Amino acid sequence: MLTPPESEVARLVAAGHTNKVIASMLVISPRTAQGHVEHILAKLGFTSRTQIVAWIAENQRDRQA
Numbered sequence: 049m050l051t052p053p054e055s056e057v058a059r060l061v062a063a064g065h066t067n068k069v070i071a072s073m074l075v076i077s078p079r080t081a082q083g084h085v086e087h088i089l090a091k092l093g094f095t096s097r098t099q100i101v102a103w104i105a106e107n108q109r110d111r112q113a
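The sequence shown: position 10 = 58 (my numbering), numbered continuously.
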């Protein structure tokens, strides 16, 4: 559902990083990081970064089961 860059950004959001830190880590602009977060929220029907964190945690549990 998510593109590879969006998946990476989602994992970094779940790790508690800000858009600015994500941008620095991925060597992209803060605006690009923000755009990825906005696309993730829209694709998943979420309204907050907290929902991304919960979604990542649930997916990790599913993979371990």
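Backbone N, C-alpha and C fix where the C-beta goes; we use that ideal spot for every residue, glycine too.
Only a predicted model underlies this, so the values are computations on that prediction, with no experimental measurement involved.
Judged by DSSP secondary structure, A62 falls within the alpha helix (DSSP H) whose first and last residues are 52–62. When rounded, the separation of the alpha-carbon atoms in V85 and V69 is 13 Å. A90 counts as exposed, since fewer than 16 other beta carbons sit within 10 angstroms of its beta carbon. In the three-state DSSP reduction, S72 falls in the helix class (H, G or I).
In summary, V61 is buried, with 16 or more beta-carbon neighbours lying within 10 Å of its beta-carbon over all protein chains present.
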